[in-house]
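> Take any residue in the sequence shown, count from 1 to its spot, add 584: that is its number in the working numbering. Glycine included, every Cβ here is placed at the ideal spot set by N, Cα and C. Source: prediction; values computed, not measured. If you scroll down you'll find the structure; I have some questions about it.
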Amino acid sequence: MSDDIQKEVAPEEAVQKEAVKKAAAKKEAVPKEDAANEVETLDYMIVSSSPHLFDDNSIKKIMWTVNLTLAPAVIFSIYYFGLQALITLLAGSLSAVAFEAASQKIMKKKITIDDGSAFLCGLLLAMCLPPAVPIFVPIVGSFIAIVVAKHSMGGLGYNIFNPAHIGRAALMVSWPVLMTSWTTITTAADVTTSATPLNILKLQGYEAVVNTFGSQTELYKALFLGLRNGSIGETCVVLLTLGGLFLIYKRIIDWVVPVTMIGTVGVLTWMFGGTNGILSGDPLFHMMAGGLIIGAFFMATDMVTTPITRKGKVIFAAGAGIITVLIRLLGGYPEGVCYSILLMNCVTPLIDRYIQPTLYGRGEIG
585 MSDDIQKEVA
595 PEEAVQKEAV
605 KKAAAKKEAV
615 PKEDAANEVE
625 TLDYMIVSSS
635 PHLFDDNSIK
645 KIMWTVNLTL
655 APAVIFSIYY
665 FGLQALITLL
675 AGSLSAVAFE
685 AASQKIMKKK
695 ITIDDGSAFL
705 CGLLLAMCLP
715 PAVPIFVPIV
725 GSFIAIVVAK
735 HSMGGLGYNI
745 FNPAHIGRAA
755 LMVSWPVLMT
765 SWTTITTAAD
775 VTTSATPLNI
785 LKLQGYEAVV
795 NTFGSQTELY
805 KALFLGLRNG
815 SIGETCVVLL
825 TLGGLFLIYK
835 RIIDWVVPVT
845 MIGTVGVLTW
855 MFGGTNGILS
865 GDPLFHMMAG
875 GLIIGAFFMA
885 TDMVTTPITR
895 KGKVIFAAGA
905 GIITVLIRLL
915 GGYPEGVCYS
925 ILLMNCVTPL
935 IDRYIQPTLY
945 GRGEIG
């Protein structure tokens, strides 16, 4: 570099250095009470890498919040079904935690059982079981859910299927009689039954369901308040719905998924679920019966196994609703929520591939 060029560059460098010194001195001179206006008083900007938006939510906080929203339905189920329901719930949730710790210990990973994810998985699995199953059933289900469906795929955040539903599906295949044996209870209409409303619908028809509960009003009341037979945690619609609405309020789940899934089931069963031609079905019965509410609010909204985009979630939830109706009306099983969510879990990667969010700055103009 020639002397002339050095003489020309040197003053510019000196000016830049002087400007930095002044800016630093100016930053030190800003009083604490003016800290809120500090950006406006400085002559430079500090740039850092993304993310620039932060949230105080964490995996641990989210998981235990979901556990707490399920607590009212759990307490009601213990009150209604008795001690056996409590044993099943404890066996499912505690064994899931134990299998999580053992899996992480064997794979030499950090043990994270305090984050609540394993407890939630075992709890949801147990809530989808009949109240009087032998104690080994929820334990085996938790093993399949945690070890096979979760950690064999890499652990939390890597599983492609909902672990709790994988556990339930495996139990249904392994012990179908135990999984469809319901404790005899007395309904709100003082009628003893040993079948769920959907079982009665499948075997005897809708009129038999209404007659079992005395009237359509009593049927709706039993479904809404949980005064009927079914899996441990699926019966009380009002408590499950309140828990789901709280999760929506806290922005832990997206309202689009449960509304789309439940709405799809309601519309399709109203159109095709009746015996007197089209539009003669009972949508309220199908929306409140079975495990649709717990499935739509607490299973189909799983952050890992559902699509990322809003459009993708609509497709996912609508597909789950359609499959649920097909199984209920045309399939051999009285209920289809579990299998519908698992089948749509298979489609989630495909949905995410073709339904992608618009990149920032590349949206349509005009």
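Are the region 667–675 and the region 820–834 touching, with three or more C-beta to C-beta distances below 8 Å?
With the cut-off at 8 Å, the region 667–675 and the region 820–834 do not touch.
> Ala675 to Lys645, Cα distance in whole Å?
If I take the Cα positions, the gap works out to 23 Å.
> So, under 8 Å CB-CB, Gly725 and Ala754 are touching, yes? Tell me the CB distance rounded to an integer number of Å.
Gly725 to Ala754, Cβ: 7 Å. Contact.
> Among the residues of its own chain, which have a CB less than 8 Å from the CB of Val909, if the five just before and after it don't count?
So the list reads Thr848, Val849, Leu852, Thr853, Phe856, Gly857, His870, Gly920, once near-sequence residues are dropped.
> For Thr885, count neighbouring C-beta atoms within 10 Å of its own C-beta (all shown protein chains included) and say buried if the count is 16 or more, exposed if not.
The residue in question, Thr885, is buried, as its Cβ has 16 or more Cβ neighbours within 10 Å.
> Which same chain residues end up closer than 7 Å to Ala873 when comparing Cβ atoms and leaving out the 5 residues on each side of it in sequence?
Around Ala873: Pro781, Leu782, Leu807.
> Pull up the distance between the alpha-carbon of Leu958 and that of Asp838, whole angstroms please.
Residue 958 lies beyond the stretch modelled for the chain, which goes from 585 to 950, so this question has no answer here.
> Since Ala710 contacts Ser677 with CB under 8 Å, what's their CB separation in whole angstroms?
Yes, Ala710 and Ser677 are in contact; Cβ-Cβ is about 6 Å, under 8 Å.
> Excluding five sequence neighbours on each side, which residues of the same chain lie with their C-beta closer than 6 Å to the C-beta of Met928?
Excluding sequence neighbours, Met928 sits near Phe900, Gly903, Ala904.
> For Val623, is the classification buried or exposed, using 16 other Cβ atoms within 10 angstroms of its Cβ as the cut-off for buried?
Its pLDDT being 47, under 50, Val623 is placed unreliably by the model, and the measurement read from it follows with that caveat. Label assigned to Val623: exposed.
> Excluding the 5 residues preceding and the 5 following Leu704 in the sequence, name in chain order all residues of the same chain whose CB lies nearer than 7 Å to its CB.
If we look at Leu704 and ignore the five residues flanking it on each side, its Cβ neighbours are Met647, Val650, Asn651.
> Starting from the N-terminal side, write out each stretch of the beta strand (DSSP E) that is 3 residues or longer and does not extend beyond the region 866–899.
Within the region 866–899, no complete beta strand (DSSP E) run reaches 3 residues.
> Between Ala680 and Gly706, is the Cβ-Cβ spacing less than 8 Å?
The answer is yes: Cβ separation under 8 Å.
> State the CB to CB distance for the pair Gly810 and Thr819, rounded to an integer number of angstroms; the pair is presumed to be in contact (CB under 8 Å).
Right, their Cβ atoms sit about 4 Å apart.
> At which residue ranges does the region 700–785 contain complete beta strand (DSSP E) runs of 3 or more residues, listed in the order of the chain?
Correct list: empty.
> Quick one, are the C-beta atoms of Leu951 and Phe745 less than 8 Å apart?
Nothing can be reported for residue 951: it is not among the residues displayed for the chain, which extend from 585 to 950.
> Would you call Thr932 buried or exposed, if buried means 16 or more other Cβ atoms sit within 10 Å of its Cβ?
When all chains shown are included, Thr932 counts as buried.
> Compare the Cα-Cα distances from Val841 to each of Gly915, Arg894, Leu762 and report the closest residue.
Ranking Gly915, Arg894, Leu762 by Cα distance to Val841 puts Arg894 first.
> Here's the rule: buried if 16 or more other CB atoms are within 10 angstroms of the residue's CB, otherwise exposed. What is Ile589?
Low confidence applies to Ile589: its pLDDT is 43, below 50, so where it sits in the model is not reliable, and the reading given next is rough at best. Ile589 should be labelled exposed.
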